[in-house]
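Notes to accompany the following structure.
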Amino acid sequence: MTFKTVLAGLDLGRSSQPVADFARTFSERLGARLVFLHAEDEAPLGADWVELMYEAERFRREAAHRLMGEHGAKATFVWRKGTPAAALQEEAAERSAELIVVGTGAYGDEAALGTIAQRMLRSITLPLCLVPTHKGAHVAAHGGPIVAPVDLASQDLASLRFVRDLAAHAKVPVVLAHVVKPPKFAAYLGAEGASRVPWLLRQMLDDASTGLRTLAREAGFDEHTTLRVLESDDPAQAIATLGRAVHADLIALPAHAKSALARLFVGSTTEALARTADRPVLVFPPGFGE
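Adding 935 to a residue's 1-based position in the sequence shown gives its number in my numbering.
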């Protein structure tokens, strides 16, 4: 797969800076064209507001110019009317973009997931990269690995092959990971039942390791790809911690089937990881590659 166009949505506030920084550095690693987009959906407020509206327009254009920075000659800036989520989808379709980049929320708010990010998560038809906008987030794409959590039950090969090709173009390694979550009822077992839990968990971890090796082979990863099987009650936190430990530039979540359950996953686990992770999270639309 080739990567020709990366589309980044900017609100032109302070939270746009980390989004622009990641989009610039990552598109350069891919050798892809970068398009910044800002959308406005405000209705006219009357003659009394005209002067203030022009002042706001000047501010936005100055902010756009600053965000373009030294890479301005290599990027395109687009202004569109309409809601940001709809404008991004339309622009991506017109430009045949392979990847959309947006911020997760308000600057300085580590727990928030912004409205645009939430709407994009529920309506995406392309891979979507959520860039953390809180202070202290890691948003520089300087050659760190891509961490790709794997759902062994879904046997998702299309998004894994996308990650494989993405890493090859960016010239970065991949860490494939699977999280084994112990059953909650294990906390309520008696002494005899509890004594069997460690052995059963060990068996689950061994089976996961075998399944991960098989899936990596089927997705076309070579034998040097790092494989990690983790045990945790909180998969989102475990993956976020792994991302920090290996200094990942990106965490890429798997795609899921087009079902009500998949939509629920996109609305819960993905949002939890987007809030928890201190680095960009790549999300695939349900049914990606089908």
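C-beta: ideal position from N, C-alpha, C; glycine also.
Taking the CA atoms as reference points, Leu1165 sits about 10 Å from Ser1144.
Rounded to the nearest angstrom, the Cβ distance from Ile1035 to Ala1027 is 6 Å, consistent with a contact under 8 Å. Inter-segment contact for the region 1171-1183 and the region 1205-1224 is present: three or more beta-carbon pairs are separated by less than 8 Å.
For Pro1133, the three-state secondary structure derived from DSSP is helix. In the DSSP assignment, Val1013 falls within the unbroken beta strand (DSSP E) covering Ala1010 to Lys1016. DSSP lists Ala943 and Phe1012 as the beta-bridge partner residues of Phe971.
Counting C-beta pairs closer than 8 Å gives three or more between the region 947-954 and the region 1056-1069, which meets the contact rule. Comparing C-alpha distances from Ser1167 to each of Lys1106, Lys1119 and Arg1148 shows the shortest one belongs to Lys1119. Taking the Cα positions, Pro1133 is about 31 Å away from Ile1081. In summary, His1077 is exposed, with fewer than 16 beta-carbon neighbours lying within 10 Å of its beta-carbon over all protein chains present.
Beyond the five residues adjoining it in sequence on each side, Gly1038 comes within less than 6 Å, by CB distance, of Ser950, Val954, Val1066 and Thr1068 in the same chain, given in chain order. Between His1104 and Gly1222, the C-beta gap is not smaller than 9 Å, which leaves the two residues out of contact.
Contact annotation: Thr1018 and Asp1086 have beta-carbon atoms that are not nearer than 9 Å. Going by DSSP, Leu1177 is part of the alpha helix (DSSP H) stretching over Pro1170 to Ala1180. The continuous beta strand (DSSP E) containing Leu1162 extends over residues Thr1161 to Glu1166. Nearest to Ala1207 by C-alpha distance, out of Pro1220, Ala1180 and Asp1169, is Asp1169. Gly1038 is bridged by DSSP to Val1066. For His1104, the three-state secondary structure derived from DSSP is helix. Contact annotation: Leu1140 and Leu1111 have beta-carbon atoms that are not nearer than 9 Å.
A Cβ-Cβ distance of about 7 Å is found for the pair Gly944 and Ile1051, placing them in contact under the 8 Å criterion. Here Asp1184 really is in contact with Val1107; their C-beta atoms are around 7 Å apart, less than 8 Å. Residue pairing by DSSP puts His1113 in a beta bridge opposite Val1164. Put simply, of Phe1097, Ala958, Pro1062 and Lys1070 the residue whose alpha carbon is nearest the alpha carbon of Gly1040 is Lys1070. In the structure shown, Ile1081 adopts extended strand secondary structure according to DSSP, grouped into three states. A straight-line Cα-Cα distance of about 5 Å links Val1074 and Phe957. Cβ neighbours of Ala1020 within its own chain (closer than 7 Å, five residues either side excluded): Ile1051, Arg1054, Met1055 and Ser1058.
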